[in-house]
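Trainee: In the working numbering, the protein residues as written are 396 to 946.
1. Please report the straight-line C-alpha distance between residue 479 and residue 502, rounded to a whole angstrom.
2. Do residue 885 and residue 600 have their C-beta atoms closer together than 8 Å?
3. Counting pairs of beta carbons, one from the stretch 478-494 and one from the stretch 881-895, are three or more of them closer than 8 Å?
4. Would you tell me roughly how many angstroms separate the C-alpha atoms of residue 399 and residue 526, rounded to the nearest one?
5. Are residue 664 and residue 799 touching if we call contact CB-CB under 8 Å?
6. Within the same chain, show all residues whose beta-carbon is closer than 8 Å to that of residue 449, passing over the 5 residues directly before and after it, in chain order.
7. Are residue 652 and residue 638 closer than 8 Å when you measure CB to CB?
8. According to DSSP, which residues form a beta bridge with residue 509?
9. For a quick check, are the C-beta atoms of residue 477 and residue 872 less than 8 Å apart?
10. In or out: residue 543 buried (at least 16 other Cβ within 10 Å) or exposed?
11. Following the continuous beta strand (DSSP E) through residue 597, name the residue where it begins and the one where it ends.
12. Check whether the Cβ atoms of residue 788 and residue 897 lie closer than 8 Å to each other.
13. For residue 943, collect the residues of the same chain with a Cβ closer than 6 Å to its Cβ; drop the 5 residues on either side in sequence, then sort them by chain order.
14. By DSSP's criteria, residue 867 is part of a beta bridge. Which residues make up the other side?
15. Check whether the stretch 851-870 touches the stretch 790-807, taking contact to mean three or more Cβ pairs, one atom from each stretch, closer than 8 Å.
16. What are the partner residues of residue 664, as DSSP defines its beta bridges?
17. Does DSSP put residue 853 in a helix, a strand or coil?
18. Would you please state the rounded distance, in angstroms, between the beta carbons of residue 814 and residue 779? I believe it to be under 8 Å.
19. Mind reading off the beta-carbon distance from residue 662 to residue 585? Whole number of angstroms is fine, and I expect it under 8 Å.
20. Just list the residues that DSSP pairs residue 884 with in beta bridges.
21. Looking at C-alpha atoms only, which residue of 759, 453, 729, 938 is the closest neighbour of residue 866?
22. Using a 10 Å radius around the Cβ and a threshold of 16 neighbouring Cβ atoms, would you call residue 539 buried or exposed?
23. If contacts are defined as beta-carbon pairs under 8 Å, then residue 722 and residue 658 qualify, I think. What distance do you get, rounded to the angstrom?
24. For residue 647, which residues does DSSP report across the bridge?
25. Please check the pair residue 500 and residue 546, which I expect to be a contact at CB under 8 Å, by giving their CB distance rounded to whole angstroms.
26. Counting only the same chain and skipping the five closest in sequence on each side, list residues whose C-beta sits under 6 Å from that of residue 825.
27. For residue 635, write down the residues that DSSP places opposite it in a beta bridge.
28. Is the stretch 906-915 in contact with the stretch 827-839, if contact means three or more CB pairs nearer than 8 Å?
29. Tell me the rounded alpha-carbon separation between residue 686 and residue 773.
30. Using the three-state DSSP reduction, which class does residue 407 fall into: helix, strand or coil?
31. Between the alpha carbons of residue 487 and residue 551, how many angstroms are there, rounded?
32. From residue 396 to residue 714, what distance separates their C-alpha atoms?
33. Going by CA-CA distance only, name the one from 841, 696, 742, 809 that's closest to residue 790.
34. Under 8 Å, do residue 516 and residue 535 count as touching if we go by C-beta distance?
35. Who are the Cβ neighbours of residue 708 in its own chain at under 7 Å, not counting the five residues just before and after it?
36. Among residues of its own chain, excluding the 5 on either side of residue 795, which ones have a beta-carbon nearer than 6 Å to its beta-carbon?
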């Protein structure tokens, strides 16, 4: 096996020099071990991806590390595309299709030299072809891939990525899926109306309209999606569900597809799920230091049940995945039952109950208990039967992680009672409840500081002296594609079940009584945790009000 990614080439007047391998450079720099390099090479060979992509996917290095190594190996400068001032004349310097195909972004022209950002040196023949098109010499600069793609989208994607009138349905669908992946969208919405069909992406929890198609074109786009998802093309009056595994040159993505008949045709929603991605760590999901220490201790208990609560889309599956990554060990047997499997984790048996109609959460959980498990993860407790089996499993020496739909941590215990579970079973089994929401992270490149005043204090029902700046608000730049936010993080409240909470459960105590007791201890509410992140400059006051209610 050899590494094609990182091979030096003749670039902008520099000779190619001796062959340099990216993996070897990273080993020499001490960023990875030789064993890890070989692990990445195996992934590269099995999935036919560049070595750099394999290294990032395994979580061994960052894209910035890759860019730095490539720049050093090829004698090129390293640039941050989001910080570049792109000249207006660059709009016509290189065709947009070439930019996306070869990941190249022109940003400056000086006489006969065109400066471009690339995520790896261009092959000599490709560079010569682009030079002929641009009628000037190229000066290449290395940039991290994601930042480069974001900058290309921000500066140059002013309309549809393909010409909808001349492109085929296959090209249109492939292009908008790739664009959704670049933008880290969680969902793609295709919605037919009387005079158009609308394409929207959900990015960081917010829907954004991307473009529109004619009513004549939309049926062929929908048919293409149905073919990819193995759905019945002829069936137009019944909802359908399917799945796609989509591949491009950098990653593969599991996509769940759902269609729903409407008065103007079928709406399609594509949910983009993680596929063999980087293993998320608990420290990365937004837990405060105190909550992180407590939660880490709870997931290392030998038995008990830990509940993650919140509405749909609040990041519960991500937290469960991070927890499983933390406790995953060859010495323990971990089995999950999920619908769907959103994060695939090596070394863990994961059961997808949506694969057929012969198994549900309760029946799967019974079967898992006959498989000698140490740790069980149940994607969601939906009914009393599943809840009781999970609680009894926790009582009989198993650690159980699961989710429940409640608004806050204290409401989870009365909710289990309302579902029909025995109070003594709940009090004896539940060790902790983590409630959570997701807030958008202010773009660190363009956020603006300001000093909060009496109005902010009044809105938060705080004493004016308790509100101190600076706080930050969104603005918009190339790094965040003009939105002002980039990515999301969690806000949390963690309730550890102590003897007093157990007594309240046995006595039929209300969620308000449980919460009042917990607030005298270590519990910090969702709004208080969000305010803490506002004070740290992580998110904005607008996000706090969008996702939390007054305590």
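Idealized CB from N, CA, C, for every residue including glycine. Remember, predicted model here, so these are calculated numbers, not experimental data.
Mentor: The short version:
1. Going by the C-alpha atoms only, they are around 7 Å apart.
2. No, the pair does not count as a contact, with Cβ atoms beyond the cut-off.
3. no
4. In this prediction, residue 399 scores a pLDDT of 35, lower than 50, which makes its location untrustworthy; no coordinate-derived value is stated.
5. No, these two residues do not count as a Cβ contact at 8 Å.
6. 435, 436, 438, 439, 442
7. yes
8. Under DSSP, residue 509 forms a beta bridge with 504, 533.
9. yes
10. buried
11. Element bounds for residue 597: 592-598.
12. no
13. 921, 922, 925
14. 844
15. no
16. 584, 653
17. helix
18. 5 Å
19. 7 Å
20. 834
21. 938
22. The residue in question, residue 539, is buried, as its Cβ has 16 or more Cβ neighbours within 10 Å.
23. Incorrect: roughly 49 Å between the Cβ atoms, too far for contact.
24. 642
25. Going by Cβ atoms, the distance from residue 500 to residue 546 rounds to 6 Å, so yes, they are a contact pair.
26. The residues are 700, 892.
27. 654
28. Touching, no, given that fewer than three Cβ pairs across the two stretches are closer than 8 Å.
29. 22 Å
30. The predicted position of residue 407 is uncertain, since its pLDDT is 41 and thus under 50; no value can be drawn from it.
31. 10 Å
32. Only weak support is given to the placement of residue 396: the predicted model assigns it a pLDDT of 38, under 50, and the question is left unresolved by the model.
33. If we check each option's Cα against that of residue 790, 696 comes out closest.
34. yes
35. 600
36. 700, 771, 785, 788, 789
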